[in-house]
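Heads up: the sequence shown runs through residues 551 to 783, numbered per my numbering.
Glycine included, every Cβ here is placed at the ideal spot set by N, Cα and C.
Here the structure is a predicted model, which means the values were calculated and not measured.
Worksheet for the structure shown next.
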Amino acid sequence: MPMPLLAPVAVASAILTLKSDTRPATVYVKKPRGTLYWGGAGLDGPYIQPQLAAFQRAGIEHVRVGLTNTAVASFGAVTGPILDAIRAGILIRYKDDAEWTIASGMTDDAPQFNLIGYSYGSVLAAQTAHWYARQQHVVDHLVLIGSPIDGDFLADLRSMPTIKRVIVKDLRQFGDPIYAGLSQHELILAAPELKRQQDRRLGEGHFYYAHVVRDSVLRWKSLASELVDQGVR
Numbered sequence: 551m552p553m554p555l556l557a558p559v560a561v562a563s564a565i566l567t568l569k570s571d572t573r574p575a576t577v578y579v580k581k582p583r584g585t586l587y588w589g590g591a592g593l594d595g596p597y598i599q600p601q602l603a604a605f606q607r608a609g610i611e612h613v614r615v616g617l618t619n620t621a622v623a624s625f626g627a628v629t630g631p632i633l634d635a636i637r638a639g640i641l642i643r644y645k646d647d648a649e650w651t652i653a654s655g656m657t658d659d660a661p662q663f664n665l666i667g668y669s670y671g672s673v674l675a676a677q678t679a680h681w682y683a684r685q686q687h688v689v690d691h692l693v694l695i696g697s698p699i700d701g702d703f704l705a706d707l708r709s710m711p712t713i714k715r716v717i718v719k720d721l722r723q724f725g726d727p728i729y730a731g732l733s734q735h736e737l738i739l740a741a742p743e744l745k746r747q748q749d750r751r752l753g754e755g756h757f758y759y760a761h762v763v764r765d766s767v768l769r770w771k772s773l774a775s776e777l778v779d780q781g782v783r
């Protein structure tokens, strides 16, 4: 079971039975609205805020960044992202029926409910979308970028009627060995190449959007425009 993503602020109506009263009490809460973006392992890095700004300039106005559910807070900026990557590769790339809820970043003014994730963040977005969809909340767009998500989990998300659209953006044309739906064996074999790309810090392969290089601004802008063209608002 994953660490709690965020404390709930927008969840389905629930029936609670108090110990002192056998009568059920119905609790009504707000519908989730807005767009949340999770970055790669560590949920930090110099690319996060510029990418967020690119989303906003392109027309995804009500977008916020996911900052929790990372091991960085407990283990620091060096070990934390490594542990995040391990969790993504071994645990949370698979479907999980636990609660994955959102505590902040939602706004009543937003026209849609969208969840966008890159790399490690993509499986956080997927788990969150899966939980809300199971509570009969509509997820307008689930966007998975450079995602190590399991194939069966991806198929399950695509089959859910309350998730209107699943957008998968693999980065294989840039040399990323990871793609949505890859097997555990393929993910293990990809590890040396991922480390090489990470160490080189040239914005190649899996780190096409994560490493800040000369044309990063154009890359972030292009990604934002692509999502807007596909209906994300």
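Does DSSP put residue i in a helix, a strand or coil?
{"i": "Tyr-682", "result": "helix"}
{"i": "His-687", "result": "coil"}
{"i": "Ile-738", "result": "helix"}
{"i": "Val-778", "result": "helix"}
{"i": "Gly-609", "result": "coil"}
{"i": "Pro-596", "result": "coil"}
{"i": "Ser-733", "result": "coil"}
{"i": "Gly-701", "result": "helix"}
Given this structure, state the Cα-to-Cα distance separating residue i from residue j, to the nearest angstrom.
{"i": "Asp-647", "j": "Ser-766", "result": "37 Å"}
{"i": "Val-689", "j": "Trp-650", "result": "14 Å"}
{"i": "Val-762", "j": "Leu-768", "result": "11 Å"}
{"i": "Glu-736", "j": "Asp-659", "result": "42 Å"}
{"i": "Val-782", "j": "Pro-698", "result": "22 Å"}
{"i": "Leu-707", "j": "Arg-643", "result": "12 Å"}
{"i": "Arg-764", "j": "Ser-733", "result": "33 Å"}
{"i": "Leu-586", "j": "Pro-742", "result": "31 Å"}
{"i": "Thr-657", "j": "Arg-684", "result": "21 Å"}
{"i": "Ala-604", "j": "Ala-774", "result": "6 Å"}
Ordered along the chain, which non-local residues of its own chain (more than five positions away) have a Cβ less than 7 Å from that of residue i?
{"i": "Phe-724", "result": "Glu-754, Gly-755 and Tyr-758"}
Check the DSSP bridge columns for residue i and list the partner residues they point to.
{"i": "Lys-663", "result": "The question names Lys, yet the displayed sequence has Phe at residue 663. According to DSSP, which records beta bridges pairwise, Phe-663 is partnered with Gly-584."}
{"i": "Tyr-759", "result": "DSSP lists no partner for Tyr-759."}
{"i": "Ile-717", "result": "Val-693"}
{"i": "Tyr-668", "result": "Ile-695"}
{"i": "Val-615", "result": "Tyr-587"}
Report all residues from its chain with a CB closer than 8 Å to the CB of residue i; omit the five preceding and five following residues, and keep chain order.
{"i": "Tyr-597", "result": "Gly-589, Tyr-759, Ala-760, His-761, Val-762, Ser-766 and Trp-770"}
Looking only at its chain, what residues have a beta carbon closer than 6 Å to the beta carbon of residue i, apart from the 5 residues adjacent to it on each side?
{"i": "Val-661", "result": "The residue you asked about is not Val; residue 661 is Pro in the sequence shown. Same-chain partners within the cutoff: Arg-783."}
{"i": "Asp-702", "result": "none"}
* With contact counted as at least three CB pairs below 8 Å, one residue from each stretch, are the stretch 690-698 and the stretch 657-677 in contact? -> yes
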